[in-house]
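Note sheet for the following structure.
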Amino acid sequence: EVQLVESGGGLVQPGGSLRLSCAASGFTFSSYEMNWVRQAPGRGPEWVSFISSSGSPIYYADSVKGRFTISRDGANNSLYLQMSSLRAEDTAVYYCARDKLGLRGANDYWGQGTLVTVSS
Amino acid sequence: DIQMTQSPSTLSASVGDRVTITCRASQSIRSWLAWYQQKPGKAPKLLIYEASSLESGVPSRFSGSGSGTEFTLTISSLQPDDFATYYCQQYNSYSWTFGQGTKVEIK
């Protein structure tokens, strides 16, 4: 069974940093492209970042470029999102989402999400 | 970025009704469109990809059509489990973008 389990969310002050993790199981992690997608309260999903199966290319939404860094660890079947210079508008549930094999952009499995709250 | 506009924002319908949701892209995305269903407190669930391909395990009452800039999601006979919010998403060019959502409510 495919599972994606996010962790690392919490309350952080504006300007602070946080590292999110996503533990993947039930599939060959190294074969799949992965994403972070966030959803602010009461809003629709917003794509944040993409990493290919090999680690390159990597893409970011303009709203997080220069502040967030996506990475992956094949040995530990894990996806990460390092977030810095956090702003109030980064407050959201953050999901890791797997791309459908061979179909970059269509997310066939999602984790349960981890809540990031940026507030003083 | 490509903008995705859904209509209506809210839809009231009864069990058994045929329901259609429209999604319009600000420029051509060919057939690189997905539809997701989301229930409160849950992650989105993929229903349709490549505009009209049904994801494995999704009931056949869901169907998608369109290409270029105009797309539709149709539920042929609304079931109680289908009351949820639906999002379209383009993946023609990064950054991938979602529509604002259509909430299907009980009439």
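Same order as they appear, the protein sequences are chains A and B. Under my numbering, the first sequence has 28 at position 28, and the numbering climbs by one with no breaks. Converting from the second sequence to my numbering requires adding 120 to each position, the first position being numbered 1. From the three backbone atoms N, C-alpha and C, an ideal C-beta is built for every residue, glycine too.
Using a C-beta cutoff of 8 Å, does B/Tyr206 count as contacting chain A?
no
Would you mind working out which of A/Asn35, A/Ala40, A/Ala75 sits nearest A/Ile58, comparing C-alpha positions?
A/Asn35
Which residue marks the beginning of the beta strand (DSSP E) containing A/Gly113, and which one marks its end?
No beta strand (DSSP E) contains A/Gly113, which DSSP labels as neither H nor E.
Let me see if you follow: with CB-CB separation under 8 Å, is B/Thr217 close to chain A or not?
yes
For a cutoff of 8 Å on Cβ pairs, would you count A/Trp47 as touching chain B?
yes
State yes or no: is the C-beta of A/Gln13 within less than 8 Å of the C-beta of A/Ser84?
no
How about B/Ile141 and B/Gln157: do their beta carbons lie closer than 8 Å?
no
Tell me, which residues are paired with B/Gly184 by DSSP?
B/Leu193
Contact criterion: CB-CB distance below 8 Å. Does A/Asp108 meet it with respect to chain B?
yes
Measuring alpha carbon to alpha carbon, tell me which of A/Glu89, A/Leu81, A/Pro41, A/Thr91 ends up nearest A/Ala97.
A/Leu81
Using the three-state DSSP reduction, which class does B/Asp201 fall into: helix, strand or coil?
helix
Using 10 angstroms around the beta-carbon of B/Gln209, count the other beta-carbons present and answer buried if the total reaches 16, otherwise exposed.
buried
With a threshold of 8 Å between beta carbons, is B/Gly221 in contact with chain A?
yes
Please list, in chain order, the residues of the region 174-187 of chain B that have any C-beta partner in chain A closer than 8 Å.
Glu175
A/Phe29 versus A/Leu101, A/Thr117, A/Gly113, residue with shortest Cα-Cα distance:
A/Leu101
Limits of the beta strand (DSSP E) - the one that B/Gly219 falls within:
From DSSP, B/Gly219 is part of no beta strand (DSSP E); its letter is neither H nor E.
Check distances from the C-beta atoms of the region 1-18 of chain A to those of chain B and list, in chain order, the residues that come in under 8 Å.
none
Between B/Lys165, B/Ser215, B/Tyr211, which has its C-alpha nearest A/Leu103's C-alpha?
B/Tyr211
At 3 residues or longer, and completely inside the region 54-80 of chain A: list those beta strand (DSSP E) runs for me, N to C.
58-60, 68-73
To the nearest angstrom, how far is it from the Cα of B/Arg181 to the Cα of B/Ser151?
20 Å
Cα-Cα, which of A/Glu89, A/Arg43, A/Ala24, A/Val48 is closest to A/Asn76?
A/Ala24
For B/Asp202, count the other beta carbons within 10 Å of its own beta carbon; 16 or more makes it buried, fewer makes it exposed. Which is it?
buried
Under 8 Å between C-beta atoms of B/Lys227 and B/Ser132:
yes
My output table needs one value for A/Asp108: the three-state DSSP class, helix, strand or coil.
strand
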